[in-house]
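Residue 2 is where the sequence shown starts when you use the working numbering, and the numbers rise one by one after that. Every residue gets a Cβ at the ideal spot worked out from N, C-alpha and C, and that includes glycine. Reading through the C-alpha cells given below for one structure.
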Amino acid sequence: MDREIIAALKEDGRMSYAALAQRAGVAEGTARNRLMRLLETHTITIGPIVDQTKIGYRLNLWLGMRCRVGALRTVADALAKLHSVRYVGATTGAYDVVCESIFVSETEMLAFFEHELPLVDGITEVETALVLEIAKLGYEWELREEDSG
Numbered sequence: 002m003d004r005e006i007i008a009a010l011k012e013d014g015r016m017s018y019a020a021l022a023q024r025a026g027v028a029e030g031t032a033r034n035r036l037m038r039l040l041e042t043h044t045i046t047i048g049p050i051v052d053q054t055k056i057g058y059r060l061n062l063w064l065g066m067r068c069r070v071g072a073l074r075t076v077a078d079a080l081a082k083l084h085s086v087r088y089v090g091a092t093t094g095a096y097d098v099v100c101e102s103i104f105v106s107e108t109e110m111l112a113f114f115e116h117e118l119p120l121v122d123g124i125t126e127v128e129t130a131l132v133l134e135i136a137k138l139g140y141e142w143e144l145r146e147e148d149s150g
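See below:
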C-alpha cells in the first residue's frame, strides 16, 4: 500500500486523501494514516522542487574535501550549517567529504571561500568542480518491485 501511495504522490504531491485511498484500494482513513506514518518517519517529504537557476542561484559548485583523521563528522556537521551548502556526504575514495553549494554570484562564492570555509576546522585539502550544466536532477525514479521493504 505504501508503494501505491508514494507512486500516486509522485504524480501529484497535492492528491487528496480520498484520491489516495481510491488509488491504493483502501479506506480514506487508512490512506491518511499510512501517509502520516510515511511523513512522520521521514520516509517521504512533500514539498516543491525548485529550479535554483529560476530564483537566481546560477552557480553550482561541488567540493571534495580531505579531513584530518577523526574530523570527518565535525567537518560534515559544520558544512551542513552553512547557508550555501545544500548537500553534504561522507564518502570513500579520493575524498572524505563532498558537498554541493549554490551561489547567486562569483562574489558570493568568493566570500564563501574567504570567510566561511576557512572556519570549518578539520579540512586539510579542498578540490572544486563548477557544474556547467545539469543533465539530470534525480528526483524522479521509478519504484521497482525489489525496492519494497
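Assigned exposure category for residue i - 16 Cβ within 10 Å defines buried
i: Ser102; result: buried
i: Val98; result: buried
i: Leu36; result: buried
i: Leu138; result: exposed
i: Gly123; result: buried
i: Val132; result: exposed
i: Ala9; result: buried
i: Val121; result: buried
i: Ala25; result: buried
i: Val76; result: buried
i: Ala91; result: exposed
i: Ala130; result: exposed
i: Ala32; result: buried
Residue i: first and last residue of the uninterrupted alpha helix (DSSP H) it sits in
i: Ala20; result: Tyr18 to Ala25
i: Thr31; result: Glu29 to Glu41
i: Thr125; result: Element bounds for Thr125: not the alpha helix (DSSP H) but the beta strand (DSSP E), Ile124 to Val132.
i: Glu5; result: Asp3 to Glu12
When the options are compared against residue i, the one with the closest alpha-carbon
i: Val51; options: Arg59, Cys68 and Ile124; result: Arg59
i: Trp63; options: Val76, Ala112 and Val89; result: Val89
i: His116; options: Ser85, Gly30 and Asp78; result: Ser85
i: Ala136; options: Thr42, Met2 and Asn61; result: Asn61
i: Asp3; options: Asn34, Asp13 and Arg15; result: Asn34
Whole-angstrom C-beta distance between residue j and residue i, which should lie under 8 angstroms
i: Ile6; j: Leu21; result: 6 angstroms
i: Phe114; j: Phe104; result: No, Phe114 and Phe104 are not in contact; Cβ-Cβ is about 10 angstroms, not under 8 angstroms.
i: Thr125; j: Arg69; result: 6 angstroms
Residue range of the beta strand (DSSP E) that includes residue i
i: Gly90; result: Val86 to Ala91
i: Arg67; result: Leu60 to Cys68
i: Glu115; result: No beta strand (DSSP E) contains Glu115, which DSSP labels as neither H nor E.
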